[in-house]
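In the numbering used here, the protein residues as written are 961 to 1082. Don't be surprised by glycine CBs; every beta carbon is placed ideally from N, CA and C. Since this is a predicted model, take the numbers as computed values, not measurements. Below is one structure, written out as structure tokens, with a few remarks after it.
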């Protein structure tokens, strides 16, 4: 399995969001998919370092901005990766500069949208 990491940036608006990317349609793998910024770990690199590096490379997020909360358990994929999600808090304002060869766009998804049904069910 190939180790990889993704950054899960929780944006601290009054109603929090999660920052996502839409991958470029020109990529060979996972083209046009919604994803977190991330990628393979380099030799000797930690998941946190890889997630921050990849976020800077893919969306231009300065590595000093995200406040790391922690790591979630690694996930095995059907494509041969073991991905460690790295959760971080991101306080506005911040600027992004997506790499056009990798990312078509960035967007924020409201967390309340995703979890409203779960709260109502409990």
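Residue i in three-state terms, based on DSSP
| i | result |
| --- | --- |
| residue 1012 | helix |
| residue 1049 | strand |
| residue 1071 | helix |
| residue 972 | coil |
| residue 1062 | coil |
| residue 1056 | coil |
Whole-number beta carbon distance between residue j and residue i, since they are thought to touch under 8 Å
| i | j | result |
| --- | --- | --- |
| residue 1044 | residue 979 | Not a contact, Cβ separation roughly 18 Å. |
| residue 1048 | residue 1029 | 6 Å |
| residue 1063 | residue 967 | About 13 Å separates the two Cβ atoms, so there is no contact after all. |
| residue 969 | residue 981 | No, residue 969 and residue 981 are not in contact; Cβ-Cβ is about 10 Å, not under 8 Å. |
Bridge partners - residue i, DSSP secondary structure assignment
| i | result |
| --- | --- |
| residue 1090 | The requested residue 1090 does not occur in the structure, where the chain is confined to residues 961 to 1082. |
Completely contained beta strand (DSSP E) runs for the stretch 986-1042, where each covers 3 or more residues: 998-1000 and 1027-1031
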